[in-house]
Structures are given as C-alpha cells and as structure tokens.
Amino acid sequence: MNLQRHGAIACLALTAMLGLSACGSDNNEPAGASASGSASSADCATGTLNAQGSSAQKNAMDEWIKAYQQKCTGAKINYESSGSGAGIQAFLAGTADFAGSDSALKDEEQPQADAKCTGGKAIHLPMVIGPVAVVYNVDGVDNLQLKPATLAKIFAGKVTKWDDPTIKADNPDAKLPSTAINAVHRSDSSGTTDNFTNFLSKTAEADWTFGKAKEWKAPGGTGAAKSDGVATAVKGQPGTIGYVEWSYAENGGLKIAKIGNGNGEFAELTAESAGKTIAGAQIEGQGDDLKMKIDYNTKEAGAYPIVLVTYEIVCSKGLAADKLPLVKGFLGHAASSEGQAELTELGYAPLPDSVRTKVEAAVKNLS
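Sequential numbering of the sequence shown, starting at 371, is according to our numbering.
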C-alpha cells in the first residue's frame with residue numbers, strides 16, 4: 371500500500387468521523403521562541419531527554435524526534451524501543467524521563483511511579499493510537515477473516531492446522547492448506563500483548579483462559595522480541611500468524627486478517643474502522659491522568675475492534691528543572707494537531723480532537 375495515499379485517506383476519514391483539526395501543519399498557533407529555532411506547535415528547549423518503552427510507538431517517536439530536532443537544534447531526544455514493561459521499569463528506576471507504555475500502570479506500580487514525582491503523580495498521556503493487526507503468511511490465502519473465538523483457539527494452541535474446520539467456517543470460500551500453524555507471540559514484556567490478550571479475554575472468554583498480561587501465558591507457539599521481531603518472523607516463514615501494531619504490518623508489507631466485531635461483521639483494518647472503536651473509548655483517569663477504557667465488544671457497524679493506545683507516562687509535578695522545558699516542548703509537539711498529522715503516513719490513527727486537546731492541556735500543566 372502506498373503510505374502517502376493511505377495517510378491522506380486516513381486523515382480525511384478521521385476528520386469526518388471524529389472532528390479532527392485539519393490535516394497538516396497548524397499555522398495558526400504562535401511560534402515557540404528559541405535560541406536554536408522555532409516550532410509551530412510547541413516551544414523549543416535545549417538539553418537531552420532519555421526515554422524508552424513501547425516498541426509499538428517507535429515509528430511515531432522516530433518521526434516526532436526527527437521533526438522536533440530539526441526545528442529545535444539544541445534538543446536531543448533519545449528513545450529506546452525496549453518494550454512497555456522495560457520502559458516502566460526504567461521510569462521507576464529513574465533512568466527514563468518518561469516511559470512509553472501500551473497499557474496503564476498496574477495498581478502496584480502506580481504508587482512506585484508516584485514516588486518518583488515530588489509533589490505530583492505519574493500520569494498517563496495517550497499519544498499514539500495503534501490498531502493491532504493480526505498478520506499472517508499463508509500460501510494462497512489473501513483475505514483471511516477470523517472471529518475472536520477462532521483467533522483465541524489458534525493462539526491457545528487448540529487449532530493447529532490452517533484447514534481446521536473452525537477456520538474453514540470463518541472462510542468458506544478460501545482454499546486453506548493443511549499447513550501447520552505457527553503462532554508467533556511477543557517474548558518480551560509487552561503492552562501490545564497486554565492489549566491483544568485483553569481483547570481475547572473480553573471477546574472469547576470460553577476459549578481464552580490465560581487472562582490479560584504483558585507477558586505471554588499460553589503454551590506453545592514461537593516467541594519473538596519486540597514488534598519488529600514478530601513482523602520479521604511472520605514474513606519469513608509460511609504458515610505463521612502473529613500480532614503487531616499496524617505500522618509494522620504496513621511497513622513490512624504483511625497480510626492483515628479481518629477480525630469479527632461485536633456487530634457480527636468481519637472488519638477490515640483501516641483508519642476509519644479503528645477510529646470507530648476509539649470514538650467509543652472512555653477516559654477513566656482523573657484530572658490530567660487520561661487513562662482510557664476501550665470497548666473491545668463494540669457493536670458499532672464497521673468498527674475494527676483490536677486497538678491499543680500508547681501512553682507517555684510522565685510526572686505531573688517534580689520534573690527536574692533542566693528537563694521540564696524539553697519534556698513540555700517535545701510532548702507538546704507530539705500532542706499538537708501538527709504532531710498528530712505526522713502519524714497518518716506511518717500506519718497510526720491520530721487522536722480524536724476531543725482527546726488531543728485534553729492531552730495538550732495536560733502537557734502544559736506539567737511542572
């Protein structure tokens with residue numbers, strides 16, 4: 371797929387559905403002054419930030435870092451895509467100025483994170499909407515579609531051949547081979563796994579008995595590190611199936627399965643179909659803590675149901691004085707309409723404007 375064309379379609383679709391700001395640069399905002407340049411969507415600052423976490427948002431981070439550092443030449447931002455679990459541990463250890471995570475802090479992690487924030491709390495800022503693509507490599511099969519129960523049986527090791535009657539029932543017109551299924555999962559602690567297993571536990575409870583977790587619990591299958599490891603494993607071996615954030619599927623040219631939703635449809639993954647699920651998400655955090663709850667059983671017609679939100683976990687107060695301006699400047703750019711528009715060519719969906727403006731306000735309140 372041509373990603374530039376995809377980006378234009380994605381932006382138009384989400385603009386119409388979610389009331390997003392116009393695509394492209396927001397030239398109505400005042401320029402941020404800096405000795406090293408100016409940014410149309412955020413203030414420039416100097417110094418170095420070190421952050422790590424979610425590999426699902428790596429492509430987004432790379433784009434934001436490139437754009438921000440081009441405008442703010444005195445800034446250096448380092449982001450290591452170490453996985454959500456590692457990012458949170460780095461934040462707790464004080465070695466990351468903020469962490470990227472595809473799931474919220476656990477109840478036992480929240481007080482540990484708060485303790486790092488003098489006079490404040492660790493808050494969740496949704497920054498990247500990354501639909502989770504179910505990717506596959508099956509010879510002769512181009513339009514695979516799977517109900518949640520079928521998907522659960524495959525990853526639980528209950529369905530082991532591609533021509534199993536369960537898969538045939540979802541794909542009556544497909545010529546399915548008798549090839550053995552190799553289900554690839556993340557081997558590292560992963561927010562993408564957390565969201566994927568949460569989807570299975572909410573939509574196929576009878577067939578998925580392993581709960582929701584960042585660490586893979588089901589037996590069998592093949593583990594691969596990070597999103598790019600899963601994508602590489604699926605691309606390299608016929609008979610494989612895996613789950614990755616959409617941008618990795620797009621960039622790797624992988625086939626993407628249609629997934630059954632709560633409305634009884636097999637939904638194709640597009641910016642519009644993912645946006646329909648995000649539009650129904652609820653913010654369950656308090657104040658500037660913007661944790662979101664996604665309805666994986668959405669009955670919205672045409673909605674693609676496996677969608678994750680990557681948070682930047684950062685201190686609301688207590689940031690070091692030499693880090694604060696740069697954290698606010700960089701995250702302010704990411705949350706701006708311009709920063710979000712930069713994502714449409716990378717296989718991400720921009721934040722709905724109703725959410726984006728809340729994130730922008732929360733970033734301005736950091737102290």
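Glycine included, every Cβ here is placed at the ideal spot set by N, Cα and C.
Under the criterion of beta carbons closer than 8 Å, N565 and V502 qualify as touching, at roughly 6 Å. In this structure the stretch 584 to 601 lies against the stretch 546 to 558, because at least three pairs of beta carbons, one per stretch, are closer than 8 Å. In this chain, the beta strand (DSSP E) harbouring Q422 covers G417 to G423.
A Cβ-Cβ separation of about 6 Å places T563 in contact with K584 under the 8 Å criterion. Per DSSP, reduced to three states, the secondary structure at I499 is strand.
Note that the stretch 691 to 707 touches the stretch 466 to 480; at least 3 beta-carbon pairs, one per stretch, sit closer than 8 Å. Looking from the CA of D432, the closest CA among E450, T443 and K441 belongs to E450. Taken in chain order, the whole beta strand (DSSP E) runs of length 3 or more contained in the stretch 635 to 720 are 677 to 685. Under the DSSP definition of a beta bridge, N552 partners with T610. Look at the beta carbons and you see the stretch 456 to 464 not touching the stretch 636 to 656: under three pairs across the two are nearer than 8 Å. Approximately 7 Å separates the beta-carbon atoms of A711 and P720; this is inside 8 Å, confirming the contact.
Boundaries of the alpha helix (DSSP H) harbouring S724: D723 to K734, taken from the DSSP string. Exclusion of the five residues before and after S643 leaves A637, G672, A673 and Y674 as the residues of its chain whose Cβ lies within less than 7 Å of its Cβ. Counting other Cβ atoms within 10 Å of its Cβ, E620 reaches 16 or more and is therefore classed as buried.
V679 is positioned such that its CB atom lies no closer than 7 Å to that of V505. Taking all protein chains shown into account, Q422 has 16 or more neighbouring C-beta atoms within 10 Å of its C-beta and is therefore buried. For A519, the enclosing alpha helix (DSSP H) begins and ends at P518 to F525.
Between the stretch 516 to 528 and the stretch 564 to 583, the count of C-beta pairs closer than 8 Å reaches three or more; the two stretches touch. V504 is bridged by DSSP to Y613.
Per DSSP, the unbroken beta strand (DSSP E) holding K628 starts and ends at K628 to G630. Ranked by how close their Cα comes to the Cα of F569, the residues S559, P608, G581 and S560 have G581 in first place. G632 is the residue among P542, G632, I611 and Y681 whose C-alpha sits nearest the C-alpha of D665. When beta bridges are read from the DSSP output, N448 appears opposite N420.
Under the criterion of beta carbons closer than 8 Å, A456 and S548 do not qualify as touching, at roughly 39 Å.
Between L419 and K446, the alpha-carbon positions lie close to 6 Å from each other. Just measuring C-alpha positions, the residue of A641, A474 and I629 sitting nearest S617 is A641. Of the candidates Y718, A485 and G599, Y718 places its Cα closest to the Cα of G645.
Between I493 and A732, the beta carbon gap of about 7 Å places them in contact (Cβ cut-off 8 Å). Taken atom to atom, the span from the alpha-carbon of T727 to that of A705 is near 8 Å. If you draw a straight line from the Cα of K669 to the Cα of G634, it is about 8 Å long. Look at A576 here: in three-state DSSP terms it is coil, with no helix or strand label.
Minimum Cα-Cα distance from S686 among the listed residues K486, A474 and S452 corresponds to K486.
Approximately 6 Å separates the beta-carbon atoms of K596 and G453; this is inside 8 Å, confirming the contact.
Closest in alpha carbon position to I648, among S724, I683 and G609, is S724. The alpha-carbon separation between D543 and V529 amounts to approximately 19 Å. About 7 Å separates the CB atoms of L514 and V508; that is less than 8 Å, so the two are in contact.
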